[in-house]
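Novice:
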Amino acid sequence: MSVSSGTMGSWDGTYLKVNCRCRQSSGVQISKSQGNPNKLYYYCRDNKCGTFIRWGILKSSNSGTFVGQRQSNDRWKICIARVFNETKDEIIKLKEDSKMLHAKLEKIEVLLGNLKTTVKLLIVVLVLVSIKWE
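Under the numbering used here, the sequence shown has 110 at position 78, and the numbering climbs by one with no breaks.
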């Protein structure tokens, strides 16, 4: 097996090159399944052998030693945790903004109700004044 360069997000290590049963070089992707999230796997580029070939093996570019998928998963977990926290903070802010807008809407509805009452009273006064002037 030879070693070729590969990229996976911000990870800049290398991975083992694997050929599939049809003797073509395989592609490398990251699993998005619920059972094996964010795991590196090899797949048949031409889909002759079926998509999945095997789980990937990462090779550290610094030490030349093999590392497991765990290191990659830990990086993804850190990234996902950061995005989750940012999203959670944004949701909290949006909920606060929503409450503030709802309170402003209630105030506007009260003012509109008062304005309607004032206009009705003004119309009554105008009718009474016009009757008195006749």
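All C-beta atoms in this analysis are idealised placements derived from N, C-alpha and C, irrespective of residue type, glycine included. Computed from a predicted structure; not experimentally measured.
Could you check if Ser58 is buried or exposed, using at least 16 other CB atoms within 10 Å of its CB as the buried criterion?
Specialist: Classification of Ser58: buried, given that the 10 Å Cβ count is 16 or more.
Novice: Residues in its own chain within less than 7 angstroms of Ile163 by CB, not counting five upstream and five downstream?
Specialist: Taken in chain order, the list of residues that qualify is empty.
Novice: With distances taken between CB atoms, is the gap from Gln61 to Lys80 smaller than 9 angstroms?
Specialist: No, they are not a contact pair.
Novice: The beta strand (DSSP E) with Gly59 in it runs from where to where?
Specialist: Per DSSP, Gly59 belongs to the beta strand (DSSP E) from Gly59 to Ile62.
Novice: Have a look at the DSSP bridge pairing and note the partners of Asn68.
Specialist: Paired residues: none, contrary to the question.
Novice: Looking at the unbroken beta strand (DSSP E) that takes in Arg86, where does it start and where does it end?
Specialist: Looking at the DSSP string, the run of the beta strand (DSSP E) that includes Arg86 is Phe84 to Trp87.
Novice: Tell me whether Leu72 is buried or exposed, calling it buried when 16 or more other Cβ atoms sit within 10 Å of its Cβ.
Specialist: Label assigned to Leu72: buried.
Novice: Within 10 angstroms of the Cβ of Asn70, are there 16 or more other Cβ atoms? Answer buried if so, exposed if not.
Specialist: By the neighbour-count rule (16 or more Cβ atoms within 10 Å), Asn70 is buried.
Novice: Taking Arg77 as the reference, which of Cys54, Met132 and Ala135 has the closest Cα?
Specialist: With distances taken between Cα atoms, Arg77 lies closest to Cys54.
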